[in-house]
Amino acid sequence: MTISSFRAELGDIPVEDHPRIVQQRSRDHYWYSPVLKAKLDHVTAEIVVSPRNNEEVKTVLRAAFKHGIAITPRGAGTGNYGQAMPLSGGAMLNLMNMDKVLEIKPDRVRAQAGAVMEKIDQETIAAVGGELRFHPSTYRMASIGGFIAGGSGGVGSVRWGGLRNLGSILGLKVITCEAEPRELDLVGEDILKVAHAYGTNGIIVEAEMPLAPAHGWIDMVVGFDNYMDASRFALGVALQDGLLVKEVSTYAAPIPEAYFNRHKPYLKDGQSVVLLMVAPVAADAMTLFVSHHKGDLRYRSDKATEEELKRLPPVYELAWNHTTLRALKVDPTITYLQTRYPSLEHLEKIISLLGDELPMHIEVTRQDGVVTLAGLPLVRYTTEARLDEIVAIHEANGCDVFNPHRYTLEEGGMKRTDQKQLDFKRQSDPKGILNPGKMVAWENPDFDFSAGKVWLFDGLNSVG
Ligand code: FAD
Numbered sequence: 001m002t003i004s005s006f007r008a009e010l011g012d013i014p015v016e017d018h019p020r021i022v023q024q025r026s027r028d029h030y031w032y033s034p035v036l037k038a039k040l041d042h043v044t045a046e047i048v049v050s051p052r053n054n055e056e057v058k059t060v061l062r063a064a065f066k067h068g069i070a071i072t073p074r075g076a077g078t079g080n081y082g083q084a085m086p087l088s089g090g091a092m093l094n095l096m097n098m099d100k101v102l103e104i105k106p107d108r109v110r111a112q113a114g115a116v117m118e119k120i121d122q123e124t125i126a127a128v129g130g131e132l133r134f135h136p137s138t139y140r141m142a143s144i145g146g147f148i149a150g151g152s153g154g155v156g157s158v159r160w161g162g163l164r165n166l167g168s169i170l171g172l173k174v175i176t177c178e179a180e181p182r183e184l185d186l187v188g189e190d191i192l193k194v195a196h197a198y199g200t201n202g203i204i205v206e207a208e209m210p211l212a213p214a215h216g217w218i219d220m221v222v223g224f225d226n227y228m229d230a231s232r233f234a235l236g237v238a239l240q241d242g243l244l245v246k247e248v249s250t251y252a253a254p255i256p257e258a259y260f261n262r263h264k265p266y267l268k269d270g271q272s273v274v275l276l277m278v279a280p281v282a283a284d285a286m287t288l289f290v291s292h293h294k295g296d297l298r299y300r301s302d303k304a305t306e307e308e309l310k311r312l313p314p315v316y317e318l319a320w321n322h323t324t325l326r327a328l329k330v331d332p333t334i335t336y337l338q339t340r341y342p343s344l345e346h347l348e349k350i351i352s353l354l355g356d357e358l359p360m361h362i363e364v365t366r367q368d369g370v371v372t373l374a375g376l377p378l379v380r381y382t383t384e385a386r387l388d389e390i391v392a393i394h395e396a397n398g399c400d401v402f403n404p405h406r407y408t409l410e411e412g413g414m415k416r417t418d419q420k421q422l423d424f425k426r427q428s429d430p431k432g433i434l435n436p437g438k439m440v441a442w443e444n445p446d447f448d449f450s451a452g453k454v455w456l457f458d459g460l461n462s463v464g
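Sequence positions in the sequence shown follow full-length UniProt numbering and run 1 to 464.
Structure representation (structure tokens):
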């Protein structure tokens with residue numbers, strides 16, 4: 001058996017082969033999508049390998065290359081698009097044992113790929129008063145390597161944009177999958193070859209990230225009787241140059257009262273809300289801005305008691321895809337979309353067309369210097385065909401959709417081949433064994449994205 005020959009070359013590198021545990025570690029949060037759930041539920045690797053340093057990563061990749069074993073890298077497994085699902089079986093490469101913060105400077109930090117973002121911030125705040133510029137709402141679980149390979153932005157993106165912007169990642173150390181794996185140090189534009197490539201073209205073992213001043217952010221919840229008033233306020237906050245914020249997001253009624261269970265005592269029935277993270281220096285100005293917009297400041301964490309602070313999750317754990325998670329806990333039929341509304345008028349139009357079938361959730365972000373309404377609306381899911389219609393309604397009304405119900409890189413939003421990532425894969429993974437099935441261009445360069453067909457990976461059912 002090839003997997004046993006592969007395993008025989010791993011020496012004392014920790015390996016897990018209990019089928020139940022391997023199956024657990026073969027999963028990410030693909031099940032947020034009923035479409036992906038139906039396609040990927042049966043997927044599992046055969047073993048999980050957990051290297052502890054770069055040399056052990058090389059040993060694993062050397063053996064995988066020799067025996068043709070599929071390797072799927074994994075951080076905390078919190079990705080939402082099935083990115084970390086091993087479509088061809090083989091081995092999961094668990095990076096979470098490589099979790100050290102290696103070097104801290106006043107303006108940057110270098111960490112191993114498996115370091116959890118909250119832990120990185122704890123160390124950098126203590127050492128230099130700096131923190132990661134932005135992080136996903138899975139901050140307390142997710143790894144920096146998984147964020148770079150599979151994420152996009154998050155809490156802090158209202159000020160600092162996203163991972164794809166130049167300067168958001170300063171350097172990566174990557175190990176290739178060849179007969180003799182190489183360690184490559186990528187800087188500048190080369191970083192974009194492996195950033196958001198789902199680990200298809202190299203294993204990230206170290207990342208250097210810029211730091212921003214840490215502020216001991218204050219959580220605020222502001223209520224509005226009308227969702228469009230909430231949206232105007234939120235956009236206004238992001239456009240105010242003097243209001244230092246890390247998070248601005250809006251939630252149309254009934255999302256808050258239906259799904260933000262622990263914050264219920266602070267919410268008013270029927271209100272839509274805006275969630276904010278505000279620097280203490282901007283708190284007074286923010287309360288003024290709230291009153292200018294006739295908002296109803298329902299909660300602020302700097303006025304909360306010790307007991308309240310222990311009981312309540314931070315507001316960022318209501319935001320981003322935590323909103324979907326909280327809705328799913330109450331109503332398992334809910335799913336979501338990722339959208340972009342060019343203006344408040346576009347947003348209003350979509351709400352008028354889809355109403356309560358699409359409870360609205362907006363993350364206000366900065367994209368290429370422009371304050372942008374990035375949507376993560378909930379969807380009251382009925383059928384895949386209706387979900388496709390909702391996507392089509394967005395597109396027909398000039399609103400972009402980055403489909404989270406697809407497991408490939410190209411279909412998830414780019415809708416074209418990323419030539420740089422493909423070219424790099426030819427050098428770094430010549431046998432195509434890193435996370436097979438996720439890069440359409442590698443498997444089928446002639447795939448026609450305009451045909452409206454969904455890509456289905458041939459190897460989906462073959463294990464090993
Ligand atoms: P994993 O899920 O383990 O991996 C993600 C991808 O990267 C996979 O393709 C995997 O194969 C690959 N990979 C992992 N490690 C490496 C490595 N070292 N080298 C190469 N490839 C690797 N995402 C956001 O961007 N913003 C958000 O605000 C956000 N909020 C979320 C909220 C919830 C409740 C959930 C469930 C998910 C959310 N996500 C968000 C998605 C996800 O949590 C983040 O992208 C997270 O950073 C992924 O990190 P991870 O360690 O869990 O990676």
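Don't be surprised by glycine CBs; every beta carbon is placed ideally from N, CA and C.
This structure is a prediction, so every number in the text was calculated from the model and none was measured.
Relative to the ligand FAD, even the nearest heavy atom lies 7 angstroms or more away from the CB of Q271. A distance of 8 angstroms or more separates the beta carbons of V248 and I175. Under DSSP, S249 shares a beta bridge with L275, E363. Per DSSP, reduced to three states, the secondary structure at R416 is coil, with no helix or strand assignment. For A212, the enclosing beta strand (DSSP E) stretches over residues 203-213.
If the five residues before and after R133 are omitted, its C-beta is found closer than 8 angstroms to the C-beta atoms of G156, R159, W160, S168, M209, P210, L211, A212, all from its own chain and listed in chain order. Ranking Y381, A149, K294, R25 by CA distance to the CA of E357 puts Y381 first. Scanning G79, T59, K431 for the CA closest to the CA of H29 turns up G79. By the C-beta density criterion, P359 is buried, having at least 16 other C-beta atoms within 10 angstroms.
F289 sits in a helix when the DSSP states are folded into three classes. Between H405 and L422, the C-beta spacing is not below 8 angstroms. DSSP places N94 in the strand class (E or B) of the three-state scheme. In the structure shown, Q24 falls within a helical segment according to DSSP collapsed to helix, strand and coil. In the structure shown, the three-state DSSP call for S143 is strand. Secondary structure note for I390: its alpha helix (DSSP H) is the uninterrupted segment 384-396. Non-local beta-carbon contacts of V222 in its own chain, meaning distances under 6 angstroms to residues more than five positions away in sequence, involve V274, V290, G295, L297 in chain order.
In the DSSP assignment, F6 falls within the unbroken alpha helix (DSSP H) covering 2-8. Cβ-Cβ distances below 6 angstroms link F6 to A63, H67, I69 in the same chain, with the five nearest sequence neighbours on each side left out; the list follows chain order. For P181 and T59, the gap between their C-alpha atoms comes out near 8 angstroms. Inclusion of A214 and L244 in the CB contact set at 8 angstroms is not warranted, their separation being larger than that value. Residue burial annotation: L456 is exposed, with fewer than 16 other C-beta atoms found within 10 angstroms of its C-beta.
The closest heavy atom of the ligand FAD lies less than 7 angstroms from the beta carbon of G199. Spatial neighbours of V187 in its own chain (CB-CB distance under 6 angstroms, excluding positions within 5 residues in sequence) are listed in chain order as G171. Given a length threshold of 4 residues, each whole run of the alpha helix (DSSP H) inside the segment 35-73 is given here in chain order: 54-67. In the structure shown, D302 adopts helical secondary structure according to DSSP, grouped into three states. The beta carbons of H263 and L312 sit closer together than 8 angstroms.
Each residue's CA atom was taken as its position, placing V391 and F147 some 26 angstroms apart. Residue pairing for L186: DSSP places it in a beta bridge opposite L172. Taking 8 angstroms as the upper bound for CB-CB distance, A258 and V330 are in contact here, some 6 angstroms apart. The beta carbons of K431 and Y407 sit about 21 angstroms from each other, so the pair does not count as a contact at 8 angstroms. The DSSP-derived three-state label of V454 is coil. Contact between the segment 363-376 and the segment 321-339 is present: three or more C-beta pairs spanning the two stretches fall below 8 angstroms. Across the structure, G153 and V237 are spaced so that their CA atoms are roughly 19 angstroms apart. In this structure, the ligand FAD has no non-hydrogen atom nearer than 7 angstroms to the beta-carbon of F402. Rounded to whole angstroms, the gap between the alpha carbons of D446 and T417 is 10 angstroms. N226 counts as exposed, since fewer than 16 other beta carbons sit within 10 angstroms of its beta carbon.
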